[in-house]
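Visitor: I have a structure I would like to understand better, so I am pasting it below and will then ask my questions one at a time.
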Amino acid sequence: MSVSATEAELSEDERAGLELVRETGGIHQSDFWKKLDVSSRKGSRIVESLVEKELVDREETVYNGHNTYYISPTARDLDFTLLMAGDMLSPFIGEDEVDPNSDAFSQWIMNLAYEE
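Last residue of the sequence shown: 118 in my numbering, with the numbers rising by one and none dropped.
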């Protein structure tokens, strides 16, 4: 079943939860249910359902001194085209600091300009 078909079958609460995860780019489960204004039990069920449908990923973490989960959109849910200029990946990806005077940065900006 395609992602869009799966999303079409979501309940209103699941749809709101998925939208929250997408908008935030990721959220701790302890904040997830509070933002949705549902009980922690209902929030956990929503997350479990979204994980089963492979719409979000859930990873154990410690947040504010408590064990919880970090909920993030699945990789296929992310739009990586925003990082591209033509066939070049943004020089801002990675841990290195970007020199705005570098050839790589200039080339990337030029590719952006030529796309439009």
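C-beta: ideal position from N, C-alpha, C; glycine also. Everything numeric in this text was worked out from a predicted model, so none of it was measured.
Could you spell out where the beta strand (DSSP E) holding Ile48 opens and where it closes?
Guide: On the sequence shown, residue 48 is found 46 positions in, with the first residue counted as 1. Premise fails: Ile48 lies in the alpha helix (DSSP H), Ser42 to Glu54, not in any beta strand (DSSP E).
Visitor: Need the endpoints of the beta strand (DSSP E) that Ile73 sits in, please.
Guide: For the purposes of this step, residue 73 is taken as residue 71 along the sequence shown, with counting starting at 1. Its beta strand (DSSP E) spans residues His68 to Pro75.
Visitor: Can you name, in chain order, every residue of its own chain whose Cβ lies under 8 Å from the Cβ of Glu9, other than the five neighbours on each side?
Guide: Stepping through the sequence shown from its first residue, residue 9 is reached at position 7. Only Arg17, Leu20 and Leu57 meet the Cβ criterion.
Visitor: Determine the direct distance from the alpha carbon of Pro102 to that of Ile111, and round the result to whole angstroms.
Guide: Residue numbering aside, residue 111 sits at position 109 when the sequence shown is read from its first letter. Residue numbering aside, residue 102 sits at position 100 when the sequence shown is read from its first letter. Those two C-alpha atoms are separated by around 10 Å.
Visitor: Ile95 and Leu84: beta carbons closer than 8 Å?
Guide: Position 93 of the sequence shown, counted from the start, is the residue given in the question as residue 95. Position 82 of the sequence shown, counted from the start, is the residue given in the question as residue 84. Result no, Cβ atoms of Ile95 and Leu84 do not sit closer than 8 Å.
Visitor: Can the beta-carbon of Asp59 be found closer than 8 Å to that of Thr70?
Guide: Reading the sequence shown from its first residue, position 57 is the one you call residue 59. Reading the sequence shown from its first residue, position 68 is the one you call residue 70. Not in contact: Asp59 and Thr70 (Cβ atoms no closer than 8 Å).
Visitor: What is the DSSP secondary structure of Asp15, counted as helix, strand or coil?
Guide: In the sequence shown, the residue the question calls residue 15 occupies position 13. Asp15: helix per DSSP, three-state reduction.
Visitor: In terms of residue numbering, what span does the beta strand (DSSP E) encompassing Asp59 cover?
Guide: Reading the sequence shown from its first residue, position 57 is the one you call residue 59. From DSSP, the beta strand (DSSP E) with Asp59 extends over Val58 to Tyr65.
Visitor: Can you list, in chain order, the residues of its chain whose CB lies under 6 Å from that of Trp35, leaving out five sequence neighbours each side?
Guide: Here residue 35 is taken as the residue at index 33 of the sequence shown, counted from 1. So the qualifying residues of the chain are Ser42 and Gly45.
Visitor: Please state whether the Cβ-Cβ distance between Val40 and Asp15 is less than 8 Å.
Guide: Position 38 of the sequence shown holds residue 40. Position 13 of the sequence shown holds residue 15. Yes.
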